[in-house]
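For the record, in the sequence shown the residue sitting at position 104 is 104 according to the numbering used here, with numbers rising by one throughout. Notes follow once the structure below has been shown.
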Amino acid sequence: MTDDQLIQEARTAIGNAYAPYSGFSVGAALLASDGRVFTGVNVENASVGLSVCAERNAIAKAVSEGAREFEKMAIVTNSDEPTMPCGVCRQVIWEFSQDLPILIEASGGSRVATTIAELFPHPFTTYRQP
Ligand code: THU
């Protein structure tokens, strides 16, 4: 799967974002090592702190379906600027992939390519086995 195809999966998913409170829509597409793609969108709540980010929803869907090894994540937003994943999502992504390539695209098409290793160099690891 090409980068453009993975971005397109995230763009298709973003139409399902539920963001009536912030108006900020996010779509994520996660390519698993077995070739499956798991998408996620942000799902907000009237109790605003309960809102869940697109990236974590994609990870939760994948793990729920038995995928734990990942090749790449694409993230798209309805913002003019590429938007970096929040700190909570970085920790959750890192749990499953310590060097995951991440592509982030703004609404106008400007793109940033990074990795979880670059975005999250100091994870919380206290309970992890060596
Ligand atoms: N959001 C994400 O989906 N991913 C992030 O990494 C940061 C923020 C969502 C949560 C909320 O629905 C909206 O963007 C505004 O914070």
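Note that the Cβ used here is the ideal one computed from N, Cα and C, for glycine as well.
For the ligand THU, is there a heavy atom less than 7 Å away from the beta-carbon of residue 26?
By 1-based counting over the sequence shown, the position of residue 26 is 26. Under cutoff, so the answer is yes.
Between residue 116 and residue 90, how many whole angstroms is the CB-CB distance? I'm expecting something under 8 Å.
Counted from its first residue, the sequence shown places residue 116 at position 116. Counted from its first residue, the sequence shown places residue 90 at position 90. A Cβ-Cβ distance of about 7 Å is found for the pair residue 116 and residue 90, placing them in contact under the 8 Å criterion.
Can you find a heavy atom of the ligand THU that lies under 7 Å from the Cβ of residue 29?
As a first step, residue 29 must be located in the sequence shown, where it is residue number 29. If you check the C-beta of residue 29 against the ligand THU, you find no heavy atom less than 7 Å away.
Do residue 63 and residue 42 come within 8 Å of each other at the CB atom, strictly closer than that value?
As a working mapping, residue 42 is identified with position 42 in the sequence shown. As a working mapping, residue 63 is identified with position 63 in the sequence shown. Going by C-beta atoms, residue 42 is not nearer than 8 Å to residue 63.
Using a threshold of 7 Å, is the CB atom of residue 9 nearer than that to any non-hydrogen atom of the ligand THU?
Sequence index remark: in the sequence shown, residue 9 carries index 9 (1-based). False, no ligand heavy atom lies under 7 Å from that Cβ.
Using the DSSP secondary-structure output, state which residues sit across from residue 2 in a beta bridge.
Walking along the sequence shown from the start, residue 2 turns up at place 2. The partner list for residue 2 (beta bridge, DSSP) is empty, contrary to what the question assumes.
Just the C-alpha distance for residue 136 and residue 110, rounded to the nearest angstrom, thanks.
Only positions 1 to 130 of the chain appear in the structure, and residue 136 is not among them; the question remains open.
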